[in-house]
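Have a look at the structure below, then the notes.
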Amino acid sequence: MLPASPDDALAPDWLKEPADPNGLAPGVWPASARRDAEGELELGGVGVAALRARFGTPLYVLDEAEVRAHAARIRGAFDAAAAAHGTKARVYYAGKAFLSTEVARWVTQEGLRVDVCSGGELEVALAAGVKPSRIGFHGNNKSVAELERAVAVGVGTIILDSAIEIERLGAIAERRGTQSHGFRQRVLLRVNSGVHAETHDFLATAHEDQKFGTPLEAAPALAERIREIPSLRLRGLHCHIGSQIFGSTGFAESASRMIELHAALREGGELPLLNLGGGFGIAYTAADDPTPIEELAGAIVEAVARECEVRGIPIPTLAFEPGRAVIGQAGVTLYEVGTTKEVSLGERGERLYVSVDGGMSDNARPALYGSQYSARIASREGTGLPVLARVVGSHCESGDIVVDHEYLPSDVTPGDLLAVPATGAYCHALSSNYNHTPRPAVVAVRDGHARVIVRGETLDDLLSRDAGIAATGPTERTGARTGEGEA
Numbered sequence: 294m295l296p297a298s299p300d301d302a303l304a305p306d307w308l309k310e311p312a313d314p315n316g317l318a319p320g321v322w323p324a325s326a327r328r329d330a331e332g333e334l335e336l337g338g339v340g341v342a343a344l345r346a347r348f349g350t351p352l353y354v355l356d357e358a359e360v361r362a363h364a365a366r367i368r369g370a371f372d373a374a375a376a377a378h379g380t381k382a383r384v385y386y387a388g389k390a391f392l393s394t395e396v397a398r399w400v401t402q403e404g405l406r407v408d409v410c411s412g413g414e415l416e417v418a419l420a421a422g423v424k425p426s427r428i429g430f431h432g433n434n435k436s437v438a439e440l441e442r443a444v445a446v447g448v449g450t451i452i453l454d455s456a457i458e459i460e461r462l463g464a465i466a467e468r469r470g471t472q473s474h475g476f477r478q479r480v481l482l483r484v485n486s487g488v489h490a491e492t493h494d495f496l497a498t499a500h501e502d503q504k505f506g507t508p509l510e511a512a513p514a515l516a517e518r519i520r521e522i523p524s525l526r527l528r529g530l531h532c533h534i535g536s537q538i539f540g541s542t543g544f545a546e547s548a549s550r551m552i553e554l555h556a557a558l559r560e561g562g563e564l565p566l567l568n569l570g571g572g573f574g575i576a577y578t579a580a581d582d583p584t585p586i587e588e589l590a591g592a593i594v595e596a597v598a599r600e601c602e603v604r605g606i607p608i609p610t611l612a613f614e615p616g617r618a619v620i621g622q623a624g625v626t627l628y629e630v631g632t633t634k635e636v637s638l639g640e641r642g643e644r645l646y647v648s649v650d651g652g653m654s655d656n657a658r659p660a661l662y663g664s665q666y667s668a669r670i671a672s673r674e675g676t677g678l679p680v681l682a683r684v685v686g687s688h689c690e691s692g693d694i695v696v697d698h699e700y701l702p703s704d705v706t707p708g709d710l711l712a713v714p715a716t717g718a719y720c721h722a723l724s725s726n727y728n729h730t731p732r733p734a735v736v737a738v739r740d741g742h743a744r745v746i747v748r749g750e751t752l753d754d755l756l757s758r759d760a761g762i763a764a765t766g767p768t769e770r771t772g773a774r775t776g777e778g779e780a
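Under the working numbering, the first residue of the sequence shown is numbered 294, with each subsequent residue one higher.
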């Protein structure tokens with residue numbers, strides 16, 4: 294195969310042919326990512342060959358020091374920005390990005406609170422020892438059982454999403470109040486500011502025609518209703534404009550609209566907290582240029598301060614909910630190459646298809662959102678010239694794409710380890726058993742050591758849930774899977 298040229302019609306404009314197809318772009322990979330003298334990729338001081346030997350592939354690898362560094366940096370950025378304007382900031386880790394007990398402990402040890410949006414996520418946070426008072430509970434359809442559990446354990450803030458939920462939680466909190474005199478559940482009201490994030494439609498969560506929150510014009514009546522319920526205590530407003538957002542313009546505009554509402558609602562009582570959500574973008578490819586968190590924090594808080602000054606009101610305590618920005622860059626997924634295939638598209642050029650032993654079951658984002666990722670040979674340095682490649686999975690779907698467009702060394706071959714960076718967020722969290730594929734393990738690396746923080750599934754795990762399978766032993770079932778059973 295001839296190397297693809299820079300003007301190859303198959304390559305998108307943003308993808309540039311690299312001078313070195315083995316290079317690791319800063320800001321995309323964890324800071325600890327490096328190649329040793331033999332060209333093998335190391336993460337957190339652990340070589341990928343050793344990781345494959347111990348844990349197999351596919352494998353999610355999470356750099357603990359990277360997670361902690363991002364958590365601390367984000368908290369510091371918002372603390373400093375808030376202090377510059379005479380207020381305070383709270384930073385919640387958005388657990389939906391990826392949550393395990395270990396990760397919950399890392400982020401809380403770095404000073405973050407935890408945001409959950411299901412009963413399961415709540416239990417993980419509690420099992421990790423997160424103080425309930427430092428947990429925020431989201432969701433557009435929290436069940437009675439979930440709300441009862443949240444109230445019973447003392448969740449600090451419940452974000453109310455609808456009129457029905459206000460009544461539902463009010464009744465639950467009232468029952469709790471009969472047992473605990475004077476109890477009032479602290480709540481926020483989620484509001485759609487009407488600001489559209491410049492991102493995929495399914496990721497934009499502040500426009501009116503979607504399932505989360507209430508429109509701006511409906512918020513005053515709902516806030517008044519919350520204040521009428523003795524068992525609830527309205528602490529403030531919540532807004533989230535979307536995900537994977539670069540720049541501060543959208544956040545600033547949303548903050549302006551929310552402060553206008555905040556000022557109006559203050560006439561009915563104290564409103565000390567404003568939660569502006571998260572959605573801060575990260576780099577998935579070398580072409581991405583996310584806004585530094587210090588710049589974002591400064592611009593957002595400045596916008597709030599300016600709007601408060603115009604209205605002559607104090608700046609509320611500000612809360613934020615980064616998830617991807619904390620954990621995304623810390624994750625790398627390892628795959629083993631199974632086959633390669635050259636595909637000629639005539640005058641348009643050629644593409645190399647590289648098939649790996651995972652796919653849309655361990656990373657659904659390319660199929661769901663058309664998300665772009667990067668890839669590098671990890672077990673060695675390639676010696677071939679860069680060729681345009683598409684990394685695909687093993688599932689029975691033509692849309693099973695892991696990395697849509699990438700330049701890889703032309704000598705990529707079966708048995709190579711391939712590494713895909715920036716997979717810490719929404720990969721394990723969205724993983725599935727499609728085609729009866731077991732979910733991979735999550736391994737944490739730090740200072741030359743590796744340990745499992747989420748066990749991988751086995752085929753026996755999958756079969757154990759099938760009520761139609763007779764109670765046969767593992768050996769018998771394994772034999773049937775490997776072709777040793779009856780034809």
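Each residue gets a CB set at the ideal place from its N, CA and C atoms; glycine is no exception.
Candidates the options: closest to residue i by CA position
| i | options | result |
| --- | --- | --- |
| ASP709 | LEU627, LYS634, ALA718 and SER687 | LEU627 |
| THR676 | ALA660, ALA358, VAL705 and SER664 | VAL705 |
| SER436 | GLU521, SER455 and ALA304 | SER455 |
| HIS533 | PHE573, GLY379 and LEU525 | PHE573 |
| ASN433 | LEU453, VAL713 and GLU674 | LEU453 |
| CYS601 | LEU308, ARG361, GLY349 and PRO565 | PRO565 |
| GLU563 | GLU588, THR610, ALA302 and ALA671 | THR610 |
| PHE505 | SER541, PRO731 and HIS431 | HIS431 |
| ASP408 | ALA418, GLY429 and PRO425 | GLY429 |
| ARG732 | LEU723, VAL745, GLY749 and ALA722 | GLY749 |
| ASN656 | ARG673, ARG641, ALA445 and ALA722 | ALA722 |
| GLY332 | ALA377, ARG673 and GLY413 | ARG673 |
| SER541 | ALA592, GLU560, GLN503 and ARG559 | ALA592 |
Near the ligand ATP: residue i beta-carbon under 8 Å from a heavy atom
| i | result |
| --- | --- |
| GLY749 | With respect to small molecules bound, the structure shown includes none, and the ligand ATP cannot be examined in it. |
7 Å CB neighbourhood of residue i in its chain, flanking five on each side removed
| i | result |
| --- | --- |
| ARG366 | ILE586 |
| LEU317 | ALA326 and ARG669 |
| ALA324 | GLU359 |
| ASP313 | none |
| PRO351 | THR626, LEU627, TYR628, ASP650, GLY651, ASP655 and PRO733 |
| ILE575 | PRO583, ARG617, ALA618, GLY621, GLN622 and ALA715 |
Residue i and residue j closer than 9 Å at C-beta
| i | j | result |
| --- | --- | --- |
| ALA386 | VAL747 | According to the sequence displayed, residue 386 carries Tyr and not Ala. No, Cβ-Cβ distance for TYR386 and VAL747 is not below 9 Å. |
| ILE538 | ILE459 | no |
| CYS689 | PHE391 | no |
| LEU344 | VAL736 | yes |
| THR291 | GLY605 | The structure shown has nothing for residue 291, since the chain only spans 294 to 780. |
| VAL685 | GLY652 | yes |
| GLU403 | VAL738 | no |
| SER687 | VAL713 | no |
| PRO570 | GLU614 | Before going further, note that residue 570 is Gly rather than Pro in the sequence given. Yes, the Cβ-Cβ distance between GLY570 and GLU614 is below 9 Å. |
| GLY337 | ALA743 | yes |
| LEU711 | VAL630 | yes |
| HIS363 | VAL603 | no |
| PRO425 | VAL400 | no |
| ASP783 | ALA671 | Any property of residue 783 remains undetermined from this structure, which presents the chain solely from 294 to 780. |
Range covered by the beta strand (DSSP E) that runs through residue i
| i | result |
| --- | --- |
| VAL625 | 624-637 |
| GLY529 | 525-531 |
| ALA382 | 382-387 |
| HIS742 | 742-747 |
| GLY286 | Only positions 294 to 780 of the chain appear in the structure, and residue 286 is not among them; the question remains open. |
Rounded Cβ spacing between residue i and residue j (contact assumed at less than 8 Å)
| i | j | result |
| --- | --- | --- |
| ARG617 | ALA718 | 4 Å |
| ALA545 | ALA623 | The Cβ separation is near 28 Å, so there is no contact. |
| VAL625 | ALA375 | About 33 Å; that fails the 8 Å criterion. |
| THR380 | ILE608 | 4 Å |
| ARG442 | LEU481 | Wrong, their Cβ atoms sit about 19 Å apart, outside the cutoff. |
N- and C-terminal bounds of the alpha helix (DSSP H) containing residue i
| i | result |
| --- | --- |
| GLU640 | Careful: GLU640 lies outside any alpha helix (DSSP H) and carries neither H nor E. |
| ILE817 | Residue 817 falls outside the range modelled here, since the chain spans only 294 to 780, and no answer is possible. |
| ASP754 | 752-757 |
| GLU602 | 586-604 |
| GLN478 | Counting along the chain, GLN478 falls outside any alpha helix (DSSP H), though it belongs to the beta strand (DSSP E) covering 478-485. |
| ASP408 | Run containing ASP408: none in the alpha helix (DSSP H); it sits in the beta strand (DSSP E), 406-409. |
| ILE620 | 617-620 |
Contact set for residue i: own chain, Cβ-Cβ below 8 Å, skip 5 residues either direction
| i | result |
| --- | --- |
| LEU554 | VAL484, LEU509, ALA512, PRO513 and LEU530 |
| ASP329 | GLU335 and GLY340 |
| ASP494 | Any reading at ASP494 needs caution, since the residue's pLDDT is 48, under 50, leaving its predicted position unreliable; the model's value is listed next. There are no such residues. |
| THR578 | TRP307, LEU308, ALA318, VAL321, GLN665, TYR666 and SER667 |
| SER411 | GLY432 and GLU439 |
| PRO305 | HIS698 |
Own chain partners of residue i with C-beta closer than 6 Å, once the 5 adjacent residues on each side are dropped
| i | result |
| --- | --- |
| ARG550 | SER486 |
| ALA421 | THR394, ALA397 and ARG398 |
| ALA590 | ALA370, PHE371 and ALA374 |
| LEU440 | LEU462 and ILE465 |
| THR730 | SER654 |
| ARG479 | THR450, ARG526 and ARG528 |
| ALA556 | ARG604 and ILE606 |
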